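S.K.: First residue of the sequence shown: 5, per this note's numbering; consecutive thereafter. Please read through the structure below; I'll follow up with questions.
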Amino acid sequence: MEHADFTRSLREQYDALRALIAAADPSAPVPTCPGWTVEALARHVARTHAWSIRAALTPPDTDSPPRPKEGPEDWPELLAWWDERFSELVRVLSTEDPSRPAWTFVGPGDLAFWARRQTHETAVHRLDGEHAVRAGDVPPLLFPPDLAADGVDEYLTTMLTRQHLTKPNELSGRVVLHAADASRSWLLRLTPGEAPRVGALDGAAVDEDVVVAGTADSLYRLVWDRPSHAVVTGRGDLLRALPRP
Numbered sequence: 005m006e007h008a009d010f011t012r013s014l015r016e017q018y019d020a021l022r023a024l025i026a027a028a029d030p031s032a033p034v035p036t037c038p039g040w041t042v043e044a045l046a047r048h049v050a051r052t053h054a055w056s057i058r059a060a061l062t063p064p065d066t067d068s069p070p071r072p073k074e075g076p077e078d079w080p081e082l083l084a085w086w087d088e089r090f091s092e093l094v095r096v097l098s099t100e101d102p103s104r105p106a107w108t109f110v111g112p113g114d115l116a117f118w119a120r121r122q123t124h125e126t127a128v129h130r131l132d133g134e135h136a137v138r139a140g141d142v143p144p145l146l147f148p149p150d151l152a153a154d155g156v157d158e159y160l161t162t163m164l165t166r167q168h169l170t171k172p173n174e175l176s177g178r179v180v181l182h183a184a185d186a187s188r189s190w191l192l193r194l195t196p197g198e199a200p201r202v203g204a205l206d207g208a209a210v211d212e213d214v215v216v217a218g219t220a221d222s223l224y225r226l227v228w229d230r231p232s233h234a235v236v237t238g239r240g241d242l243l244r245a246l247p248r249p
């Protein structure tokens, strides 16, 4: 996916999440985020969008940008504040040079990093909104294959690295993931004390510990520890032990 694809997908996922939030009782629980209400979900995403504006404009090799203050207490005012922050985020991501150097939590990066990161942040929490509003009637296909496959890739190549930087990996094993509708596969190698290594399958035989197969959407949900129809063969405990940021 290109930078423009991410900014477009970010808008689409935000619009879907925002509509779900508007239709929900703010005190309703979010089953996929134990302890959270719809209001807590909205506050989290709104504050993350606000912080990401700062991060995208912060030079690399500097300290992490400060977290913004909480949004307004009043529910309608919070939603309006969120809309303003999101509009500013989209403006920054759409008008600034994608290659502009920027701070990231995995080392020096660029502004394009934040378009990708916030697209997936918003998409995963859109899924949480679906579970809060639709309960057990969440459609099995919500995300286009290219977006979902990129979300799997981002989790494996970026978010696992982030976790390793703060808490070194202690897992051991090989995980193979197949997203049939996106024609993509990944091999995740886990060695205690080492950063996770991710590569594409090259056709050679692999002595895997667990295989995950399904649509890109189902794999996307699974790696983010959301209910999924992906088929898991082998060591499910290894998957369950993977860190989730």
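Where is the CB? At the ideal position from N, CA and C, for every residue including glycine. The structure displayed is predicted, hence computed values, not measured ones.
1. Can you give the Cα-Cα distance for Ala-204 and Ala-119, rounded to whole angstroms?
2. Please report how far the alpha carbon of Ser-176 lies from the alpha carbon of Glu-92, in whole angstroms.
3. Would you call the stretch 45 to 62 in contact with the stretch 122 to 136, where contact means no fewer than 3 C-beta pairs closer than 8 Å?
4. Does the separation of the CB atoms of Glu-43 and Trp-79 fall below 8 Å?
5. Where does the unbroken beta strand (DSSP E) through Val-179 begin, and where does it stop?
6. Helix, strand or coil for Gly-39 per DSSP?
7. If you count every other CB in all the chains shown that lies within 10 Å of the CB of Ser-232, and 16 or more means buried, which is it?
8. Taking the beta carbon of Asp-194 as the centre, do at least 16 other beta carbons fall within 10 Å, making it buried, or is it exposed?
9. Counting Cβ pairs closer than 8 Å, one from the stretch 160 to 172 and one from the stretch 137 to 144, do we hit at least three?
10. Could you check whether the Cβ of Leu-45 sits closer than 8 Å to any Cβ belonging to chain D?
11. In whole angstroms, what separates the C-alpha of Ala-27 from that of Val-137?
12. Report buried or exposed for Ala-245, applying the criterion of at least 16 other Cβ atoms within 10 angstroms of its Cβ.
M.R.: In this structure, then:
1. Computed Cα separation, rounded: 24 Å.
2. 42 Å
3. yes
4. yes
5. That run of the beta strand (DSSP E) goes 177 to 183.
6. coil
7. buried
8. The amino acid occupying residue 194 in the given sequence is Leu; Asp does not appear at that position. Leu-194 should be labelled buried.
9. Cβ pair count under 8 Å is below three, so no.
10. This model lacks chain D altogether; it includes just one protein chain.
11. 8 Å
12. exposed
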